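Take a look at the structure set out below.
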Amino acid sequence: MTKALDTATRNEILDRLMKQGWSMVEGRDAIQKTFLFTNFVEAFGFMTQVAIIAEKMNHHPEWSNVYRTVEVTLTTHDANGLSDLDIALARKMDALI
Numbered sequence: 006m007t008k009a010l011d012t013a014t015r016n017e018i019l020d021r022l023m024k025q026g027w028s029m030v031e032g033r034d035a036i037q038k039t040f041l042f043t044n045f046v047e048a049f050g051f052m053t054q055v056a057i058i059a060e061k062m063n064h065h066p067e068w069s070n071v072y073r074t075v076e077v078t079l080t081t082h083d084a085n086g087l088s089d090l091d092i093a094l095a096r097k098m099d100a101l102i
């Protein structure tokens, strides 16, 4: 079972992600980001790449796609909040852009 982020490292890690456009979800221990692309094909291509990464990690995002916009929320349900898996997946998503 994955553990939630500990307080000691949490703020430093989250500060770096916030500078990359991630934000906290109100009322949840989760982060979110909106990714905008030129068109639907680019948005869907991004989601396909992330899906392969997420499957290998066995850690899947909450997300939706409308035309060129991909909305992503990351949290670890087993940990009842953010974990290292969320941070790793967020970083991998950002690296694809």
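Its first residue numbered 6, the sequence shown is counted upward by one per residue in the numbering used here.
Where is the CB? At the ideal position from N, CA and C, for every residue including glycine.
Treat the numbers as computed from the prediction; the structure is a model and nothing was measured.
Those residues which DSSP pairs with residue i across a bridge
i	result
Met-106	This structure gives no information on residue 106, because the portion of the chain shown stretches from 6 to 102.
Asn-70	Val-75
Thr-7	In the DSSP output, where bridge partners are listed per residue, Thr-7 has none listed.
Leu-41	Thr-74
Gly-1	Residue numbering for the chain in the displayed model covers 6 to 102; residue 1 lies beyond these limits and cannot be assessed.
6 Å CB neighbourhood of residue i in its chain, flanking five on each side removed
i	result
Met-6	Asp-83
Lys-97	Ile-58
Glu-67	Thr-78
Asp-99	Gln-25
Cβ-based neighbour list, residue i, same chain, cut-off 8 Å, excluding 5 preceding and 5 following
i	result
Ser-28	Ile-36, Gln-37 and Lys-38
Thr-81	Thr-7, Ala-9, His-64, Leu-87, Ser-88, Leu-90 and Asp-91
Val-30	Ile-36, Gln-37, Thr-78 and Thr-80
Phe-49	Asn-70
Asp-34	Ala-9, Thr-80, Asn-85, Gly-86 and Leu-87
Cβ separation of residue i and residue j, assumed to be a contact under 8 Å, to the nearest whole Å
i	j	result
His-64	Leu-19	No, His-64 and Leu-19 are not in contact; Cβ-Cβ is about 17 Å, not under 8 Å.
Asn-44	Arg-15	That belief does not hold up - the Cβ atoms of Asn-44 and Arg-15 are roughly 36 Å apart, past 8 Å.
Val-79	Asp-91	Residue identity check: residue 79 is Leu in the sequence provided, not Val. So it is a contact: roughly 4 Å between Cβ atoms.
Ser-88	Leu-10	6 Å
Residues near residue i by beta carbon distance below 7 Å, same chain, minus five either side
i	result
Gln-54	Leu-101
Phe-51	Phe-40, Phe-42, Val-75 and Leu-101
Glu-60	none
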